[in-house]
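Taking it in order: structure first as C-alpha cells, then the write-up.
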C-alpha cells in the first residue's frame, strides 16, 4: 500500500513540475519583449549603432565612385552604359599619349567618400544621441575629425567623436568610432593607376598581364572610338568593380593606322 502511494506521489510531483515548466515557457514567450527592454538586452552599443547606421551609406557611395572612375561628380567624363565615367588619362591632341588627370587617385577617392557620407554621419550621431537620451542617459557628444581610408582588402572609416553616457552612477566613455568593411577598392584603384602609367608611356596597356598576375581579377578594355577606351576591373569573387576612361593616341577620322 505504501509503495503504491509513493508511486502516486512521484507521478503527482512530475505532473506539477511539468505544469510549472510549461507555465514558465509561456510566460517567457508572452512577456519576452518587455523583459528584454527592462534588462537592456535589446540595446545596441554605440559602436554597433554607428556601424549599422553608416555602413550602407558608405557602400552605396563606394559603388557609385567605382562606376564613375573615382569621382562622385565627374568633370571630364565619357557616358558609358548610363554612367559618367571619369577620364583618368586624357589628351585632345592627335598622336599623343594621354596625360594623367588624377595623379593621387586613391587619396582622391578617400576625400570623395568623406564628402559623400558627411551628411549621413551627422544624422547618425545625432540619432544616436537622441536614442540614448530617450533611454534615460545624459549624453555629452563632442564632434571631431572624419577619416576614411582605403586599405588592403578593406575600407576603414574613423570618426574621432567622443561621447560620455551617464545614467546614475554608471558612466561610459567613448573616444572614437570605427566602421570597417571588406572591400578591395584599394587594390582595384592601384591597378587602375598602373594601367594609366602604361597609357601615358605607350598609349596602350596589355590587360592579359594583370589577369595572369591576379587570378581573381577580370580586366576588360573596351574601345569606344579611336584612342578612347573604357577599362573595367572586376573582382571575380565579390563582383566589386572599378571602371575608368582614357583618351590618347587619337587618330583622325579616316586615317588608317
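Residue numbers (the working numbering): 8 to 264. For each residue, glycine too, the CB sits at the ideal point set by N, CA and C.
| Asked | Found |
| --- | --- |
| At 3 residues or longer, and completely inside the region 64-102: list those beta strand (DSSP E) runs for me, N to C. | 84-87 and 90-97 |
| Might you give, ordered along the chain, the residues of its own chain that have their beta carbon closer than 7 Å to the beta carbon of residue 58, omitting 5 neighbours on each side? | 186 |
| Opposite residue 152 in the DSSP bridges: which residues? | Paired residue(s): none; residue 152 is not in a bridge. |
| Pick out whichever of 121, 246 and 237 has its Cα sitting closest to the Cα of residue 254. | 237 |
| Go to residue 217, then tell me how far its beta strand (DSSP E) extends in each direction, as first and last residue. | Per DSSP, residue 217 belongs to no beta strand (DSSP E); it is in the alpha helix (DSSP H), 214-220. |
| What separation, rounded to the nearest whole angstrom, lies between the Cα atoms of residue 196 and residue 241? | 11 Å |
| Determine which residues share a DSSP beta bridge with residue 145 and list them. | 173 |
| What residue range does the alpha helix (DSSP H) around residue 206 cover? | 192-209 |
| Taking 9 Å as the cut-off, decide whether the C-beta atoms of residue 194 and residue 205 are in contact. | no |
| Give the single residue among 182, 85 and 88 whose Cα lies nearest to the Cα of residue 167. | 182 |
| Comparing C-alpha positions only, which one of 227, 245 and 259 sits nearest to residue 252? | 227 |
| Using the three-state DSSP reduction, which class does residue 123 fall into: helix, strand or coil? | helix |
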